[in-house]
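Asks:
Residue numbers (mature numbering (1 follows the signal peptide of the UniProt record, and there is no 0)): -20 to -1, 1 to 269.
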């Protein structure tokens, strides 16, 4: 059997089209399942990526550690960004631990020489804020002691400054949380179409996170995390958009029992993330004296 793949390159866009002829393979093989997934799809990769807009997690994400997180990132036309990261204590993202608000700027430089379809970027951070949730505040405080002389106990529901570019060198409270935004060093923007359907959501892939927390701040990504989806997609496409929409109300009448359970879990994740987003205040306290 022969599987024919045709790549069409234009300026700034690469299109991969998978042939429509059936490919007889053993149904137990990984190749069979992958071809079934790609059959009839068209993947468009944009270089350089135009990431202006709002990008959100579609489900609870798991990072090495393990860490359980949902993300809500906004990129603006002037190259600035605001990233919200919501951390949880459980793999269902139902028990909030703490949230981070990160501000800065990011700029694509060139296509990656190592990761096909990826763009190498440079970024600059200007501010990082923290908000703790419930009893998890005590655990977060213990982690921060290694990098920050706290002048007061952390209080749930209050926003604190972890880092600001205006501070003197060395005053950084983010290290205790193994914080890094090296994921912005590598990105890939793509759209998957099925049988010519242009309504499929765009996906933004950001660089992977190092498995060792101590190495995160120096890590140069060579792969990707779970992609973020454009928040412009409709609720039926399961995008989690905590900044505006709050809990998503998704139709369940046409879902199988398994899909319905998955959808309800996604709704819960979105609802919790929306609540955490409203708790992050524009003003905050400094953690140390």
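Cβ coordinates follow ideal geometry from the N, Cα and C atoms, glycine included.
Taking a contact to mean a Cβ-Cβ separation below 8 Å, would you say residue 80 touches residue 110 in this structure?
Replies: Against a cut-off of 8 Å, the Cβ pair of residue 110 and residue 80 comes out as a contact.
Asks: In the structure shown, what three-state DSSP assignment does residue 132 receive?
Replies: If DSSP states are grouped into helix, strand and coil, residue 132 belongs with coil.
Asks: Quick check on the burial criterion: 16 or more other C-beta atoms within 10 angstroms. Buried or exposed for residue 126?
Replies: Under this definition residue 126 is an exposed residue.
Asks: With DSSP as the reference, label residue 62 as helix, strand or coil.
Replies: In the structure shown, residue 62 sits in a strand (DSSP, three-state: E or B).
Asks: Name the residue from 194, 76, 100, 207 whose alpha carbon lies nearest to the alpha carbon of residue 201.
Replies: Of 194, 76, 100, 207, the residue nearest in Cα terms is 100.
Asks: For the alpha helix (DSSP H) containing residue 193, name the first residue and the last one.
Replies: First-last for residue 193: undefined, no H or E at that position.
Asks: Is residue 33 helix, strand or coil when you go by DSSP?
Replies: Here residue 33 sits in strand by DSSP.
Asks: Rounded to the nearest angstrom, how far is the Cβ of residue 83 from that of residue 106, given a contact under 8 Å?
Replies: Contact flag correct, Cβ pair sits at about 5 Å.
Asks: Indicate whether the contact test is met: 3 or more Cβ pairs, each with one atom in the segment 136 to 143 and one in the segment 163 to 170, closer than 8 Å.
Replies: The answer is no - the segment 163 to 170 does not touch the segment 136 to 143, with fewer than three Cβ pairs under 8 Å.
Asks: How many Å lie between residue 39 and residue 50 at the Cα?
Replies: For residue 39 and residue 50, the distance between alpha carbons rounds to 7 Å.
Asks: Among the residues of its own chain, which have a CB less than 6 Å from the CB of residue 62, if the five just before and after it don't count?
Replies: Around residue 62: 54, 83.
Asks: Hey, residue 270 and residue 113 are a contact pair by Cβ (cut 8 Å); roughly how many whole angstroms apart?
Replies: Lying before the first or after the last residue shown, residue 270 is absent from the chain, which here runs from -20 to 269.
Asks: Is it buried or exposed, residue 56, if we count other Cβ atoms within 10 angstroms and call 16 or more buried?
Replies: Exposed is the call here.
Asks: Can you tell me whether DSSP reads residue 229 as helix, strand or coil?
Replies: Because the pLDDT of residue 229 is 24, which lies under 50, any placement of that residue in the model is unreliable, and the question is left without a value.
Asks: Which residue from 209, 108, 95, 122 puts its Cα closest to that of residue 65?
Replies: Residue 108 is the option with its Cα nearest to residue 65.
Asks: Is the CB-CB distance between residue 168 and residue 23 below 8 Å?
Replies: Not a contact, by the Cβ cut-off of 8 Å.
Asks: Can you tell me where the alpha helix (DSSP H) holding residue 109 begins and where it ends?
Replies: Element bounds for residue 109: not the alpha helix (DSSP H) but the beta strand (DSSP E), 99 to 112.
Asks: One question on the structure: do residue 210 and residue 182 come within less than 8 Å of each other, judged by their Cβ atoms?
Replies: Yes. Within cutoff.
Asks: Quick one: what does DSSP say residue 91 is sitting in, helix, strand or coil?
Replies: Strand, per DSSP.
Asks: So, for residue 296: in the same chain, excluding its five sequence neighbours on each side, which residues have a beta-carbon less than 6 Å away from its beta-carbon?
Replies: Outside the shown range of the chain, which is -20 to 269, sits residue 296, and nothing can be said about it.
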